[in-house]
Amino acid sequence: MIVDSCCDATQALIKELNLIKIPLNLMLGDREIVDNEQLDLTQFMADMKACTGKVGSSAPAPALYQEAFDQAENSFAVTLSSRLSSSYSSAMLGKEMMESTSNDVYVFDSKSASAGQLLIVLKIYELAQLGLAKSDIISRTEDFIKHMKTYFVLDNIDNLMKNGRLSKVKGKLINMLNIKPLLGSDGDGNIVSYSNVKGQTKIVKKLVDTISDSGKSTVGEKAVISHCNNEDLANRLKQAIAERFQFKDIVVVPTGGVSSLYANDKGIILAF
Numbered sequence: 038m039i040v041d042s043c044c045d046a047t048q049a050l051i052k053e054l055n056l057i058k059i060p061l062n063l064m065l066g067d068r069e070i071v072d073n074e075q076l077d078l079t080q081f082m083a084d085m086k087a088c089t090g091k092v093g094s095s096a097p098a099p100a101l102y103q104e105a106f107d108q109a110e111n112s113f114a115v116t117l118s119s120r121l122s123s124s125y126s127s128a129m130l131g132k133e134m135m136e137s138t139s140n141d142v143y144v145f146d147s148k149s150a151s152a153g154q155l156l157i158v159l160k161i162y163e164l165a166q167l168g169l170a171k172s173d174i175i176s177r178t179e180d181f182i183k184h185m186k187t188y189f190v191l192d193n194i195d196n197l198m199k200n201g202r203l204s205k206v207k208g209k210l211i212n213m214l215n216i217k218p219l220l221g222s223d224g225d226g227n228i229v230s231y232s233n234v235k236g237q238t239k240i241v242k243k244l245v246d247t248i249s250d251s252g253k254s255t256v257g258e259k260a261v262i263s264h265c266n267n268e269d270l271a272n273r274l275k276q277a278i279a280e281r282f283q284f285k286d287i288v289v290v291p292t293g294g295v296s297s298l299y300a301n302d303k304g305i306i307l308a309f
């Protein structure tokens with residue numbers, strides 16, 4: 038299975054799920070850094086914090102997808118939301134550029150990111166293990182994406198201010214009041230603001246409540262929690278969710294380069 042580097046997964050999961058990761062590029066001011074296995078995440082986070090210019094990311098070149106697709110047989114790809122990145126467009130162009138005429142690759146627009154991408158990968162893997170036809174896997178996964186929920190809480194909003202997506206005046210007010218924004222997908226891959234959490238101690242309760250408020254059944258389903266240097270809070274959230282709902286599995290993973298850039302230090306992402 039092919040994913041872009043915003044799909045967060047441990048090395049064990051990458052091996053188990055046979056994932057091929059296509060790197061995005063990270064930008065810190067005038068610097069461009071490839072988000073691959075050689076990325077020193079600790080150093081990157083330090084450099085990101087020190088950066089006074091804009092921070093951001095750019096999609097992989099279509100040729101990188103083409104190369105992976107030509108080596109894949111009857112495979113799937115899961116990309117960042119097409120509303121947030123051109124990674125999906127690059128993947129579709131890469132598919133058109135394929136030299137192999139026998140390989141059949143289907144590209145999913147996750148309409149999500151990070152934990153949401155991994156959750157989709159886990160669903161595809163689960164359906165494939167059932168021995169379903171590829172057409173059935175595609176239709177059931179597309180339906181899964183339509184009903185999937187993704188939420189995240191930012192502890193640090195510096196990058197939103199550096200990107201110009203949040204005014205410095207409003208940002209300083211949020212920091213002063215110790216408010217943590219609760220954001221999430223609108224169902225079509227756009228990021229919208231749902232509410233605010235006052236202080237980190239209430240993050241767990243707020244995220245658990247979003248599961249209940251969603252009305253989505255959790256029986257026999259999976260959830261994924263991604264965290265940026267916040268394993269303690271991620272595990273507390275996992276325990277609180279397990280106590281209240283009937284997920285069959287709750288997977289906790291650290292964020293990689295792209296997700297760390299946007300979630301920033303201590304950020305938490307939940308997909309179910």
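Just so you know, the sequence shown maps onto residues 38 to 309 in our numbering. Ideal Cβ placement from N, Cα and C applies to all residues, glycine included.
- Task: State the DSSP-derived secondary structure class of M85, mapped to helix, strand or coil.
- Result: helix
- Rounded to a whole number of angstroms, what is the C-alpha to C-alpha distance between L69 and T79? Sequence inspection shows Glu at residue 69; the Leu mentioned does not correspond to that position. Rounded to whole angstroms, E69 to T79 spans 16 Å at the Cα level.
- Item | Alpha-carbon to alpha-carbon, I182 and Q108 | 26 Å
- Message: At a threshold of 8 Å, does N193 count as lining the ligand GTP (C-beta to nearest heavy atom)?
- Response: What this structure holds is no ligand at all, so the ligand GTP is not there to describe.
- Message: Would the segment 88-104 count as touching the segment 115-134 if we require 3 or more Cβ pairs under 8 Å?
- Response: yes
- Please name the residue in M135, D41, V40, D45 whose C-alpha comes closest to that of L307. D45
- Message: Less than 9 Å between the C-beta atoms of V261 and L121, yes or no?
- Response: no
- Query: Between the segment 110-120 and the segment 147-167, do at least 3 Cβ pairs fall closer than 8 Å?
  - Reply: With a cut-off of 8 Å, the segment 147-167 and the segment 110-120 count as touching, because enough Cβ pairs lie within range.
- Message: Going by beta-carbon coordinates alone, are Y188 and L244 separated by less than 9 Å?
- Response: yes
- Query: Can you round the beta-carbon distance between L54 and V158 to whole angstroms, since I take them to be within the 8 Å contact cut?
  - Reply: 6 Å
- Message: Could you compute how far the alpha carbon of E104 sits from the alpha carbon of K91?
- Response: 31 Å
- Cα separation between L164 and S112? If you draw a straight line from the Cα of L164 to the Cα of S112, it comes to about 13 Å.
- Would you identify the three-state DSSP class for A46, choosing helix, strand or coil? Shown here, A46 sits in coil according to DSSP, grouped into three states, outside any helix or strand.
- Task: Measure the C-alpha to C-alpha separation of Q166 and I57 and round it to an integer number of angstroms.
- Result: 19 Å
- Task: Could you check the C-alpha separation between I216 and F81 for me, to the nearest Å?
- Result: 26 Å
- Query: Alpha carbon to alpha carbon, what distance is there between M185 and G226?
  - Reply: 11 Å
- Task: Tell whether a beta-carbon distance below 9 Å holds between F293 and S42.
- Result: The sequence given here has Gly at residue 293, not Phe. Yes, Cβ-Cβ distance for G293 and S42 is below 9 Å.
- Does the beta-carbon of T138 have 16 or more other beta-carbons within 10 angstroms, so that it is buried, or is it exposed? exposed
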